[in-house]
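The structure under discussion appears below in the form of C-alpha cells.
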Amino acid sequence: MKLRVPAAVPGSRILAFGDYQPARVVTNDELAETVDTSDEWIRTRVGIASRRIAGPEEGIVEMAVHAAGKALAGSGLGPGDIDLVVLATCSAESPMPAHAPQVASRLGIDAPGAFDLNAACAGFCYALGAADAAVRAGTARNALVIGAEKMSAWLDWSDRSTSIIFADGAGAAVVTGSAEPGVGPVVWGSDGDHHDKIIIPDRNAFIRQEGQAVFRWATGAIAPVALEACERAGVAPSDLAAIVPHQANLRIVDAIARKVKATNAVVADDIVHSGNTSGASIPLALSRMIERGDVPSGAPALLVGFGAGLAYAAQVIQIP
Ligand code: UT7
C-alpha cells in the first residue's frame, strides 16, 4: 500500500511579529522593599532595570491573543488563512486543556491544528521549528507561532534568587509557505541529566534554579549551537543583522554574542525593561526591535533559546 502525502513546499518564512506586555511595571526598587536585594545588584548581575508583571485579568491566553492578533494584523493574512497554532509556554496555569485552541477561537480561527509545547525558555525556537516543518511538509499553509508566559504565577516572591529575574509577556509570529526559505534549519537538543537545574518540582511548588550551574552551561554550551545554526543556514556570523538570544541574563546574552562573533549584528537587550519572560522572550524582543526600526527587513537574524530541560534550540530567520 502506498500512502499519499501532500506536495512539499521549498521553505517557510515569517510574515510579521507581534508582542504584548502587561501594563504593570515593577522596578528593582519596588522588589527591594520586600526582599533583601538592590537595584545595583540586579542591574550588575542580571541586567534588569524593570519588568512587567501581569494582573489577574492577564492570563496566558489573554496575552497570547493580543500578541498573535497583532502579528496576524501585520501579516496581511486573516483568521481563515491560519490552519496551525503552536503556543510555547512553561507556565501553564493548568495542564489541560492546552491554551492554543482557546487562543485560536478568540482570534476567530476556525478549527486549526492547535497545541501547546513546553521547551521552557527554548520554547519559541522549538515551536518555530515545528511550524516550519509543518508548512514545508504541506500539512499547514500558514501557522501562528506564539510564546506566552505568566512566570509570576510560579514565583515565590520571598525568594530573591528568582523573583527578581522572571516576568510576564507574549510574542508571536505568522509563518507562511515560501519558494525562498526564510526560516533556517533548527538545531535543537536537550540534556535531561540536568532536569533538576531549573524546576517547578510539583503543583504546590515555585520555580527553583541552580543559577550558577545554569549560567556556566549557558555561557559555555550554547554558542556552539548558535554557530551550528548559522552554518546549517549557510549564513556567516558577520552577515547577521541581529542576534536574539533568550533574555535570561544580560551577561549571558553578551557572552553568547561575543562567542558567535556577529560583529555587525544588533544584540537584543530587551531583558533590561522586560525581565526574563522565558519562552516569550525571543519573539517579544524581536517584535519590539522591528517596531523600533532597529533591524532591517529582509536581513538574517539568529534566534537562540536555552533553559529548563535542559533544552536548547537555535535557527537563523529572515527578518520580515
Ligand atoms: O531563563 C532560564 C535560564 N536561566 C538562566 O540562564 C539563569 C542563569 N543564572 C544567572 O543568571 C545567575 O546565576 C543569577 C542571576 C541567577 C545569579 O547571579 P550570580 O552572579 O550567579 O549570583 P550567585 O547566585 O552566585 O550569588 C552571589 C551572591 C550570593 O551571596 P554570597 O553567598 O556570595 O554572600 C547570593 O546569596 O549574591 C547573593 N544574591 C543576591 N544578592 C542580592 C543572590 N540573589 C541576590 C539578589 N540580591 N537578588
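Counting with numbering that gives the first Met the number 0, you get residues 0 to 319 for the letters of the sequence shown. Every residue gets a Cβ at the ideal spot worked out from N, C-alpha and C, and that includes glycine.
Neighbourhood of G79 by C-beta distance below 6 angstroms, restricted to the same chain and skipping five residues each side = Along the sequence shown, one-based indexing puts residue 79 at 80. For G79, where only same-chain residues beyond five positions count, there are no Cβ hits under 6 angstroms.
Do the stretch 8-28 and the stretch 121-141 touch if we need at least three Cβ pairs shorter than 8 angstroms?
-> yes
Which full runs of the beta strand (DSSP E) of 3+ residues lie inside the stretch 21-70, going along the chain?
-> 24-26 and 49-51
For V265 and I242, the rounded distance between their alpha carbons = Position 243 of the sequence shown, counted from the first residue, corresponds to residue 242. Position 266 of the sequence shown, counted from the first residue, corresponds to residue 265. The straight-line gap from Cα to Cα measures roughly 6 angstroms.
Taking 6 angstroms as the line, does the beta carbon of I163 fall inside it for any heavy atom of ligand 1?
-> In the sequence shown, counting from the first residue as 1, residue 163 sits at position 164. Checking every heavy atom of ligand 1 against the Cβ of I163, one is found closer than 6 angstroms.
For R207, does the three-state DSSP call read helix, strand or coil?
-> As a first step, residue 207 is located in the sequence shown; it is residue number 208 there, counting from the start. If DSSP states are grouped into helix, strand and coil, R207 belongs with the strands.
Say the cut is 6 angstroms; is the CB of R207 nearer than that to a heavy atom of ligand 1?
-> The residue labelled residue 207 in the question sits at position 208 within the sequence shown. No - ligand 1 has no heavy atom lying nearer than 6 angstroms to the Cβ of R207.
Once you ignore the five residues that flank Q20 on each side, which residues in its own chain have a CB closer than 6 angstroms to its CB?
-> Taking the sequence shown and counting its residues from 1, the one referred to as residue 20 is at position 21. If we look at Q20 and ignore the five residues flanking it on each side, its Cβ neighbours are R51 and G168.
What is the rounded straight-line gap between the Cα of W40 and the Cα of R215?
-> One-based indexing of the sequence shown puts residue 40 at position 41. One-based indexing of the sequence shown puts residue 215 at position 216. If I take the Cα positions, the gap works out to 19 angstroms.
Alpha carbon to alpha carbon, how far is S49 from I164?
-> Position 50 of the sequence shown holds residue 49. Position 165 of the sequence shown holds residue 164. Roughly 10 angstroms separates the two Cα atoms.
Looking at A67 and A133, is the spacing between their C-beta atoms short of 7 angstroms?
-> In the sequence shown, residue 133 corresponds to position 134, counting from 1. In the sequence shown, residue 67 corresponds to position 68, counting from 1. The answer is no: Cβ separation not under 7 angstroms.
Buried versus exposed, by CB contacts within 10 Å (16 or more), N263 | Residue numbering aside, residue 263 sits at position 264 when the sequence shown is read from its first letter. Flag for N263 reads exposed.
Find out if the Cβ-Cβ distance for the pair I270, F123 is shorter than 7 angstroms.
-> As a position in the sequence shown, residue 270 is number 271, starting the count at 1. As a position in the sequence shown, residue 123 is number 124, starting the count at 1. Cβ atoms of I270 and F123: not closer than 7 angstroms.
Hey, could you find the ends of the beta strand (DSSP E) A329 is sitting in?
-> Absent from the structure is residue 329, since the part of the chain shown begins at 0 and ends at 319.
Find the nearest neighbour of L14 within the set A152, T218 and E179, judged by alpha-carbon distance.
-> Position 15 of the sequence shown, counting from 1, holds the residue named residue 14. Minimum Cα distance to L14 is reached at E179.
Limits of the unbroken alpha helix (DSSP H) element including Q101 = Here residue 101 refers to the residue found at position 102 of the sequence shown. That run of the alpha helix (DSSP H) goes A99 to R105.
Should M95 be labelled buried (16 or more other beta-carbon atoms within 10 Å of its own) or exposed?
-> Counted from its first residue, the sequence shown places residue 95 at position 96. Its Cβ having fewer than 16 others within 10 Å, M95 is exposed.
With a threshold of 6 angstroms, establish whether the CB of F123 neighbours any heavy atom of ligand 1.
-> Taking the sequence shown and counting its residues from 1, the one referred to as residue 123 is at position 124. No - ligand 1 has no heavy atom lying nearer than 6 angstroms to the Cβ of F123.
I197: which of L302, C120, A240 and V186 sits nearest, CA to CA?
-> Here residue 197 corresponds to residue number 198 of the sequence shown, with the count starting at 1. Closest by alpha carbon: C120.
Within the present structure, is the beta-carbon of V224 separated from the nearest heavy atom of ligand 1 by less than 6 angstroms?
-> In the sequence shown, residue 224 corresponds to position 225, counting from 1. No, since every heavy atom of ligand 1 falls outside the 6 angstroms radius drawn around the Cβ of V224.
Use the C-beta contact count for H346: other C-beta atoms within 10 angstroms, 16 or more gives buried, fewer gives exposed.
-> The question about residue 346 has no answer here: the residues shown for the chain are numbered 0 through 319.
Looking only at its own chain, which residues have a Cβ that is under 7 angstroms from the Cβ of H193, when we skip the five neighbours before and after it?
-> Here residue 193 refers to the residue found at position 194 when the sequence shown is read from its first residue. Correct list, in chain order: L309.
Starting from V85, follow its DSSP beta bridges and name the residues at the other end.
-> Numbered from its first residue, the sequence shown carries residue 85 at position 86. BP columns for V85 point to F114 and V144.
Beta-carbon separation (whole angstroms), A217 vs F305, contact threshold 8 angstroms = Against the sequence shown, residue 217 aligns to sequence position 218. Against the sequence shown, residue 305 aligns to sequence position 306. Confirmed, Cβ separation roughly 6 angstroms.
Beta-bridge partners of D18, as assigned by DSSP = Taking the sequence shown and counting its residues from 1, the one referred to as residue 18 is at position 19. Its beta-bridge partners are G170.
Beta-ladder partner(s) of V243, from DSSP | As a working note, residue 243 is residue 244 in the sequence shown. Its beta-bridge partners are L302.
Fully enclosed by the stretch 256-315, which alpha helix (DSSP H) runs are 4 residues long or longer?
-> 270-273 and 280-291
C-alpha gap between Y125 and D268, whole angstroms | To locate residue 125, count along the sequence shown from 1; it is residue 126. To locate residue 268, count along the sequence shown from 1; it is residue 269. Approximately 21 angstroms between the Cα atoms of the pair.
CA-CA distance, A247 and A136?
-> For the purposes of this step, residue 247 is identified with residue 248 of the sequence shown, where counting begins at 1. For the purposes of this step, residue 136 is identified with residue 137 of the sequence shown, where counting begins at 1. Their backbone Cα atoms lie some 33 angstroms apart in a straight line.
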